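Sequence positions in the sequence shown follow the UniProt record's numbering and run 2 to 500.
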Amino acid sequence: VSKPSCVLAFDLGASSGRAIVGRLDSEAGIVTIEEIHRFSNDPVKVGNHLHWDILRLFHELKQGILQMKHLGYTDIESLAIDSWAVDFGLLAANGELLGNPYHYRDHQTDHVMDKVIDLVGREKLYAKTGLQFLQFNSIFQLYALKERNPELLQRADTFLMIPDLLRYFLTGEKHSEYTNSTTTQLFNATTQTWDTELIDQLGLPGELLLKPVSSGTRVGALTKEICDDLDVPSIPVIAVGEHDTASAVVAVPALEEDFAFLSCGTWSLLGTETLAPVLSEQALVWNFTNEGGVYGTNRLLKNIMGLWLIQECKRTWDKEGKNISFAELVKLAEQVKPFQCFIDPDDDMFLNPEHMPKQIQQYCRETDQVVPQTEGEIVRCMLESLALKYRFILERTEQLSGKKYQGLHIVGGGIQNELLCQFTSNATQREVWAGPVEGSALGNLVVQWISLGYIANLREARKLIRNSFPVKTYLPQDGAGWQAAYAAFCQVASRSTVK
Ligand code: LFR
């Protein structure tokens, strides 16, 4: 009888992180997971800039490793990290970190995208990179730094994205992982390498970029300092699909070839997996993205503002001393009248406003709608609008891919919001299959097992996940009501230029 294999995943989201031990019983074909450490991820505003607290995050990784030891996991075969994309740290030649990485919502990139587009041309930039235009892509962050803080770039020797950087702290080795590299908008979707022509044209320091390693590569082991410090044996470290969305899509428990997914967390990422990037004119006009996936897959998807809207409202209300839990907010939303007003969740005004609830009210006022007043009304407006936006993007995904999807797989923490899952089924008038909740962490774990030789391939990994975790089905309700709401939503959103 073969022994189960245990590996450790660190999954860092924009609002929280966790360390999860996965246990694979190959004979039974079952994976089980145990969350051994969870922590909040609190960006810090200093002066006018918003940063990630990268050393705190590294500290939490070490706490996770300690916790692994304390719980008696002595046989962890490997570990890996995944996190949000686009952000990076810069190392000096001596290997020390230069400054705190900026948060992608920092306002340093406001208006930078248009400048870069003017220089390169929208069509050309898209033809090269296949990436959706989001003002915070690494390309715009680097360009902003070049203009605002050229000394920093001059002193820098190496560019490492967040998981690359944390992995470097753990192993002492510098590698750039493939899936995350593709989110920079400096990576050529066709040649599958850094686009040096683009980098040179913008005068960006291409020499800082490392040649990407493919997802699933073993890239070192815990350093002697860390092993001594934590009193643990050295554990091999694997670069999995380190972009959390790449890992989340690995964990979609789809048995069919063609499927649509929604990775639901701070962001909602909705789309499908394709064999090659879709660089059509329509994809450019609709601003869809093509991100590199593991094992040669491509993700055709669109970023939707997601639960950020609610997280920010809650943060604002907390500051005002209201302290209403997410569960209570959803309950309040359930009790108010449906379909009173809609927003386009992806309007730029929601990217990082001072006061999210007021921003939502302002949107409704500017679009001549009922202005939501109570917490319940505001949350209902957001949840309905998100669900309607999912329909909008799902239909465009179908048009771009030329495929039809019977239902929508949802993975990630957002599935705990059952009202949103039901609304999504209602808005799309399709079945919604919700689960697993730990999408990114599971994708991270199974890619480690593929690398270690326990799982044959992606398809087998998805079957294994399907067999190991519950999936909850939602059936569509109230077709007529939601159809009318969709028409109203599209009208409102077109006034604010639906993106
Ligand atoms: C989701 C995600 C998205 C990316 C955004 C910013 O967590 O990784 O895929 O567009 O965060 O990095």
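Where is the CB? At the ideal position from N, CA and C, for every residue including glycine.
Predicted model only: the values in this text are computed from it and were never measured.
Just the Cα atoms here: how many angstroms apart are residue 466 and residue 162?
28 Å
Residue 219 by DSSP, collapsed to three states: which one? strand
message = What residue range does the alpha helix (DSSP H) around residue 444 cover?
response = 440 to 453
Kindly list the residues whose CB is nearer than 6 Å to the CB of residue 235, restricted to its own chain and excluding five residues on each side of it in sequence; keep chain order.
-> 222, 223 and 228
Quick check on DSSP: helix, strand or coil for residue 213?
strand
**Prompt:** Do you know whose CA, among 416, 453 and 341, lies nearest residue 474's CA?
**Reply:** Of the candidates 416, 453 and 341, the one whose C-alpha sits nearest the C-alpha of residue 474 is 416.
Requested in this report: Measure from the alpha carbon of residue 39 to the alpha carbon of each residue in 33, 60 and 276, then state which is nearest.
Outcome: 60
Does residue 309 come out as helix, strand or coil in the three-state DSSP assignment? helix
- Query: residue 46 by DSSP, collapsed to three states: which one?
  - Reply: strand
In DSSP terms, what residue 178 is bridged to: 214
Discussion item. What does the alpha-carbon distance come out to for the pair residue 364 and residue 269?
Written reply: Here the alpha carbon of residue 364 sits roughly 20 Å from the alpha carbon of residue 269.
Discussion item. What I want to know is whether the C-beta of residue 468 ends up closer than 8 Å to one or more non-hydrogen atoms of the ligand LFR.
Written reply: no
Where does residue 107 land, buried or exposed, given buried means 16+ other C-beta within 10 angstroms? With 16 or more other Cβ atoms from the protein chains shown falling within 10 Å of its own Cβ, residue 107 counts as buried.
>> Please state the DSSP three-state secondary structure of residue 343.
In response: coil
*Relative to the alpha-carbon of residue 212, which residue among 432, 355 and 159 has its alpha-carbon at the smallest distance?*
159
**Prompt:** Near residue 423, what residues of its chain come up, given a Cβ to Cβ distance below 6 Å and the 5 sequence neighbours on each side ignored?
**Reply:** Around residue 423: 475.
Check: Is residue 15 near the ligand LFR, in the sense that its beta carbon is under 8 Å from a heavy atom of that ligand?
Finding: yes
**Asked** Between residue 53 and residue 101, which are expected to be in contact by the criterion C-beta below 8 Å, what is the C-beta distance as a whole number of angstroms?
**Response** Sure, about 7 Å apart at Cβ, within 8 Å.
Identify the residues that DSSP records as bridge partners of residue 24: which are they?
-> 7 and 33
### Task
Could you tell me which of 446, 182 and 274 sits nearest to residue 241, measuring between CA atoms?
446
Open item on the list: Going by DSSP in three states, residue 173 sits in which element: helix, strand or coil?
Closed with: coil
Original post:
Which residues in the same chain as residue 353 place their Cβ atom closer than 6 Å to its Cβ, once the five residues preceding and following it in sequence are excluded?
Top reply: 106
Any idea what DSSP makes of residue 354, helix, strand or coil?
-> coil
- Task: Take residue 126 as the anchor and find which of 45, 255 and 197 has the nearest alpha-carbon.
- Result: 197
Hey, quick one: how far does the beta strand (DSSP E) through residue 238 stretch, first residue to last?
Counting along the chain, the beta strand (DSSP E) containing residue 238 begins and ends at 237 to 240.
* **Residue interval of the alpha helix (DSSP H) (run including residue 376)** => 376 to 402
Which residue marks the beginning of the alpha helix (DSSP H) containing residue 416, and which one marks its end? DSSP places residue 416 in no alpha helix (DSSP H); its state is neither H nor E.
### In chain order, each beta strand (DSSP E) run of at least 3 residues that lies wholly inside the stretch 38 to 118
45 to 47, 50 to 52, 77 to 84 and 89 to 92
- Query: Whole-angstrom Cβ separation of residue 448 and residue 216, contact assumed at under 8 Å?
  - Reply: 6 Å
Take every Cβ of the stretch 422 to 440, pair it with every Cβ of the stretch 342 to 358, and state whether three or more of those distances are shorter than 8 Å. No, they do not touch.
Q. Quick one, are the C-beta atoms of residue 140 and residue 199 less than 9 Å apart?
A. Yes; because the gap between Cβ atoms is below 9 Å, this pair is in contact.
- Report, in whole angstroms, the separation of the C-beta atoms of residue 168 and residue 82, which I expect to be a contact under 8 Å. 6 Å
Taking the alpha-carbon positions, what's the residue 356 to residue 314 distance?
8 Å
| field | Chain-order list of residues whose beta-carbon lies under 8 Å from that of residue 380 (same chain, five-residue window excluded) | value | 311, 314, 330, 331, 333 and 334
Among 395, 450, 462 and 401, nearest to residue 432 - alpha-carbon criterion: When C-alpha distances from residue 432 are compared across 395, 450, 462 and 401, the shortest belongs to 395.
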